Amino acid sequence: MTRRLLLSYLSLAALVLLGLEIPLGFVYSRAERERIVNAANNEADAVAAFAELSVAAGRGDELVARAEHCAERIGGQVVVLDADGTVLAASPALSAEQQRTLAARPEVAAALHGRPTTSVRASTTGGVHYLSVAAPVGHRTRAQGAVRITLPTDAVHDRVNQVWLLLALAGLAVLTGVVAVAFAFARWAGRPIRRLEEAAHRLADGNPPTCVPITSGPPEVRSLAAAFNRTAARLEHLLASQRAFAGEASHQLKTPLAALRLRLENLEPAVARRARPGLAAAVTETDRLARMVEGLLAMARLEEDATLPGPVDVGEVCAERHRAWQPLFAREDVSLILFAGSVGPVLALPGAVEQILDNLLSNALRASPADSTVTMELRLVVPSRRPLRDSRPCWVDLHVTDEGPGMTAEQRARAFDRFWRAPGAPKGGTGLGLSLVQRLAHAGGGEATLRPAATGGLDAVVRFPSAEPLRSVPGTVGGDPRAGRPAPQPPISTSSTSSTT
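Numbers given in our numbering equal positions in the sequence shown, counted from 1, plus 169.
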């Protein structure tokens with residue numbers, strides 16, 4: 170901001186100086202030219218008057234002396250001619266050729282004819298500019314001769330150039346002063362904004378909010394700083410309240426639910442056989458309520474967490490979760506297959522991949538019938554519309570595919586809504602798992618989608634940004650979801666017999 174303010178002040182000052190100095194320079198240049206022309210005319214009139222008297226008195230020597238004296242004084246040339254164009258006096262002396270062509274010059278010819286106007290003509294001789302002035306001698310209606318005075322204009326040009334140089338130096342001095350004043354003002358105006366920016370970055374990075382001083386800067390900036398302080402304090406209060414609620418709810422809800430479930434299980438021997446299905450349903454609903462509380466608390470912790478995504482070895486996490494879920498799938502007679510390929514690290518929140526896999530595998534297990542298969546697979550996706558270079562960004566897709574009843578297009582569109590459950594879905598779900606999966610994927614810069622599987626079930630796809638660029642792989646075809654995927658290792662499957670396929 171300081172640089173922009175400084176540039177704006179300098180631009181405005183430069184425009185003002187140009188608007189003032191350029192016209193002033195042209196006015197001075199014109200005035201200097203008019204001054205030398207008037208001076209030459211006055212000298213020509215004075216010499217013409219003296220020549221008229223000298224010719225009438227027959228004192229040619231005095232006329233030559235006067236011409237030499239005048240030429241020496243003005244630093245130019247003085248020539249006096251009679252009515253026939255013959256040179257009477259010249260200083261410095263003229264050659265014969267110059268004397269013959271002198272009367273033919275326009276300003277001399279006009280003066281010899283006694284015209285009432287004075288002819289002014291600028292010429293260049295030997296690379297030097299001269300100004301020529303001719304005046305008639307005697308009465309203008311009957312001229313007795315002419316006087317021609319030639320002055321070099323280098324002195325005038327030097328004075329004009331000096332004035333332009335002085336104007337330029339004055340402009341630079343003014344701009345230097347403007348820079349000093351503008352820099353001080355810009356720093357004064359930009360310092361509170363820089364503090365606001367630093368405080369906002371610290372708040373965005375998850376650090377505790379800090380108050381911004383509101384004692385300096387323009388009134389608008391001070392008002393903005395005060396509003397930021399109020400907002401930061403309110404945000405800190407809300408976050409603290411949310412953290413306190415999450416912590417208290419975690420203890421206050423889990424303990425009563427665990428006690429309620431224990432009491433229901435202890436009641437089983439005292440309940441009649443015909444009432445035991447209702448007791449089992451109550452236990453199931455208690456478990457569902459406990460899972461719902463866990464999901465809500467997990468979402469609350471995710472919303473208040475400001476952790477930045479970092480590199481995660483998704484292949485290692487998939488292998489670890491495969492080992493953890495293996496006994497549960499084997500107990501339900503469902504095979505769990507993992508295609509363990511090396512796709513490199515991905516960007517995700519700490520612990521997010523584990524939560525995503527747990528929710529997807531839990532949903533797949535509930536939806537899968539006996540003797541069916543659930544597949545976990547990692548695929549490296551290369552963008553197809555980017556030019557091939559040595560390295561280019563890519564994505565890693567995590568697929569969890571089941572052979573359950575699947576969902577319609579409308580149901581897949583609503584599946585990520587909180588507390589939404591598909592009609593006819595197995596009991597025990599809370600409607601929060603897929604919503605948490607989507608929020609965890611978005612927090613890491615990815616995306617979660619549901620697609621129909623080729624086996625008739627559901628293909629849950631979570632896309633993670635790769636933590637490192639993909640190196641060019643020979644034979645890679647961009648756009649194919651499987652393009653550039655390394656050769657998978659032999660799949661690991663679990664079933665009721667714990668067989669390996």
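Each residue gets a CB set at the ideal place from its N, CA and C atoms; glycine is no exception.
Every value quoted in this text rests on a predicted model; they were computed, and no experiment measured them.
Asked: Cutting at 8 Å between CB atoms, please list the residues of its own chain near Ala-428, excluding the five before and the five after it.; Found: none
Asked: By the three-class DSSP mapping on this structure, what secondary structure does Ser-223 have?; Found: helix
Asked: Who are Trp-564's beta bridge partners in DSSP?; Found: Val-550, Pro-634
Asked: For the segment 330-344 against the segment 184-200, do three or more pairs of beta-carbon atoms, one drawn from each stretch, fall closer than 8 Å, so that the two count as touching?; Found: yes
Asked: Looking at the secondary structure, which residues open and close the alpha helix (DSSP H) in which Asp-327 lies?; Found: 323-373
Asked: Along the chain, where does the beta strand (DSSP E) containing Pro-480 start, and where does it finish?; Found: 479-481
Asked: Would you say Leu-619 and Ala-584 are within 7 Å of each other, going by their C-beta atoms?; Found: yes
Asked: Looking only at its own chain, which residues have a Cβ that is under 6 Å from the Cβ of Asp-566, when we skip the five neighbours before and after it?; Found: Arg-548, Val-550, Val-630, Arg-632
Asked: In whole angstroms, what is the alpha-carbon distance linking Pro-425 and Arg-432?; Found: 10 Å
Asked: Classify Phe-508 as helix, strand or coil using the three-state DSSP reduction.; Found: strand
Asked: Determine the extent of the alpha helix (DSSP H) in which Ser-604 is found, giving its start and end residues.; Found: 602-612
Asked: Please confirm whether Ala-612 and Leu-518 have their CB atoms less than 7 Å apart.; Found: yes
Asked: If we ignore side chains and look at the alpha-carbon of each, how far apart do Thr-544 and Val-440 end up?; Found: 42 Å
Asked: Please report how far the alpha carbon of Gly-227 lies from the alpha carbon of Ala-215, in whole angstroms.; Found: 18 Å
Asked: Is the segment 232-239 in contact with the segment 257-265, if contact means three or more CB pairs nearer than 8 Å?; Found: yes
Asked: Distance check for Gly-447 and Thr-455, CA to CA, integer angstroms please.; Found: 12 Å
Asked: Val-332 to Ala-183, Cα distance in whole Å?; Found: 18 Å
Asked: Can you look up Val-306 in the DSSP assignment and give me helix, strand or coil?; Found: strand
Asked: What is the rounded straight-line gap between the Cα of Arg-403 and the Cα of Thr-379?; Found: 12 Å
Asked: For Asn-528, is the classification buried or exposed, using 16 other Cβ atoms within 10 angstroms of its Cβ as the cut-off for buried?; Found: buried
Asked: Which value, in whole angstroms, describes the spacing of the CA atoms of Glu-489 and Thr-171?; Found: 53 Å
Asked: Anyone know if the C-beta pair for Val-503 and Ser-531 falls short of 7 Å?; Found: no
Asked: What first and last residue would you give for the beta strand (DSSP E) that runs through Pro-251?; Found: A quick correction: the sequence has Asp, not Pro, at residue 251. Note, Asp-251: beta strand (DSSP E), 246-251.
Asked: Tell me which same chain residues have a C-beta within less than 8 Å of the C-beta of Ala-394, skipping the five on either side of it?; Found: Pro-361, Arg-364, Leu-365, Val-381, Pro-382, Ile-383, Gly-386
Asked: For Val-347, which of Gln-607, Leu-179, Pro-478, Arg-356 has the nearest alpha-carbon?; Found: Leu-179
Asked: Alpha carbon to alpha carbon, what distance is there between Asn-330 and Ala-280?; Found: 33 Å
Asked: Name the residue from Phe-397, Pro-634, Ala-312, Val-350 whose alpha carbon lies nearest to the alpha carbon of Pro-552.; Found: Pro-634
Asked: For Gly-513, list the residues DSSP reports as bridge partners.; Found: Paired residues: none, contrary to the question.
Asked: Would you tell me roughly how many angstroms separate the C-alpha atoms of Gly-614 and Ala-636, rounded to the nearest one?; Found: 11 Å
Asked: Would a C-beta distance cut-off of 7 Å place Leu-336 and Gly-194 closer than the cut-off?; Found: yes
Asked: State the start and end residues of the unbroken beta strand (DSSP E) segment that holds Arg-620.; Found: 616-621
Asked: So which of Asn-207, Ala-278, Glu-389 has the shortest CA-CA distance to Leu-320?; Found: Asn-207
Asked: What does the Cβ neighbour count give for Pro-305, buried or exposed, with the cut at 16 atoms within 10 Å?; Found: buried
Asked: Assuming Ala-315 and Leu-250 are in contact, meaning their beta carbons sit under 8 Å apart, how far apart are those beta carbons, in whole angstroms?; Found: 5 Å
Asked: Can you give the beta carbon distance from Gln-524 to Leu-627, rounded, assuming they're within the 8 Å contact cut?; Found: Gln-524 to Leu-627, Cβ: 19 Å. No contact.
Asked: Given a threshold of 16 other Cβ atoms within 10 Å of its Cβ, counted over all protein chains shown, does Ser-410 qualify as buried or as exposed?; Found: exposed
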